[in-house]
Amino acid sequence: MTDAPTGTVLIIDDDAAFRRLLGRGLTRLGWQTLEADSSASAMAALQQAPSHVLLDLRLGEENGMTLLEPIRAQYPDIRIILLTGFASIASAVAAMKRGADDYLSKPVDIQAVDQALRGDRPDAVEDIQEQPPALRRVEWEHIQRVLADCGGNVSEAARVLGMHRRSLQRKLAKKPGPERP
Numbered sequence: 001m002t003d004a005p006t007g008t009v010l011i012i013d014d015d016a017a018f019r020r021l022l023g024r025g026l027t028r029l030g031w032q033t034l035e036a037d038s039s040a041s042a043m044a045a046l047q048q049a050p051s052h053v054l055l056d057l058r059l060g061e062e063n064g065m066t067l068l069e070p071i072r073a074q075y076p077d078i079r080i081i082l083l084t085g086f087a088s089i090a091s092a093v094a095a096m097k098r099g100a101d102d103y104l105s106k107p108v109d110i111q112a113v114d115q116a117l118r119g120d121r122p123d124a125v126e127d128i129q130e131q132p133p134a135l136r137r138v139e140w141e142h143i144q145r146v147l148a149d150c151g152g153n154v155s156e157a158a159r160v161l162g163m164h165r166r167s168l169q170r171k172l173a174k175k176p177g178p179e180r181p
């Protein structure tokens, strides 16, 4: 790490425990923090003019991606980092197109968050793999999209996918791990 941070980070995440943990870690590193658990509370907290935003992709029933453009339009100089437990290349590309400055996959360590907030991740571009994703990963991401389109209804998603509900539940339980080169 170089100099102590001089900014305020707005942490937008519906998981209160994660929000507090992240806030404590950033405070120890010298950042000031604000917290929000929904898009409405985030827009209110933005009135306090934070210099950085950590935004979760999934905010309960809301999609954090929808906040990117309004935040970027209203605060063009703010640094926005999208956090997600459901990382995919497609969502990373969409986030960057909508105004995110960086994209981190949960679980994430506090040093990586600190580097992203500082814009100090020279290896960020190198993290993207050149090889196509594994078939299991592509299948799992497709199932997640269909499930989201069905409002989380597993039976409906199984019908749309043309598979038995139990088969779908087994596939959902087996999230593919990180791909190895």
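Residues in the sequence shown are numbered consecutively from 1, following full-length UniProt numbering. The beta carbon of each residue, even a glycine, is placed where N, CA and C say it ideally should be. Quantities reported herein were computed from a predicted structural model and do not represent experimental measurements.
Handout entry: Validate contact between the stretch 87 to 99 and the stretch 39 to 49 using beta carbons, cut 8 Å, 3 pairs
Key = no
Problem - Cβ contact (3+ pairs, closer than 8 Å) linking the stretch 22 to 32 and the stretch 110 to 122 - result: Contact between the stretch 22 to 32 and the stretch 110 to 122 is present: three or more C-beta pairs spanning the two stretches fall below 8 Å.
Problem - the stretch 91 to 109 touching the stretch 68 to 78, judged by at least three CB pairs closer than 8 Å - result: Using a Cβ-Cβ distance cut-off of 8 Å, the stretch 91 to 109 and the stretch 68 to 78 are in contact, since at least three pairs of beta carbons, one from each stretch, lie closer than that value.
Practice task
Report the rounded CA-to-CA distance for E62 versus I78, giving the unit in angstroms.
Solution key: Along the sequence shown, one-based indexing puts residue 62 at 62. Along the sequence shown, one-based indexing puts residue 78 at 78. C-alpha separation (whole angstroms): 22 Å.
Problem - Counted within 10 angstroms of its Cβ, other Cβ atoms place T84 as buried (16 or more) or exposed - result: Stepping through the sequence shown from its first residue, residue 84 is reached at position 84. T84 should be labelled buried.
Problem - Residue burial classification, T6 (beta-carbon count within 10 angstroms, cutoff 16) - result: Your numbering for residue 6 matches position 6 in the sequence shown. With fewer than 16 other Cβ atoms within 10 Å, it is exposed.
Practice task
Could you have a look at H142 and say whether DSSP puts it in helix, strand or coil?
Solution key: In the sequence shown, counting from the first residue as 1, residue 142 sits at position 142. Helix at H142.
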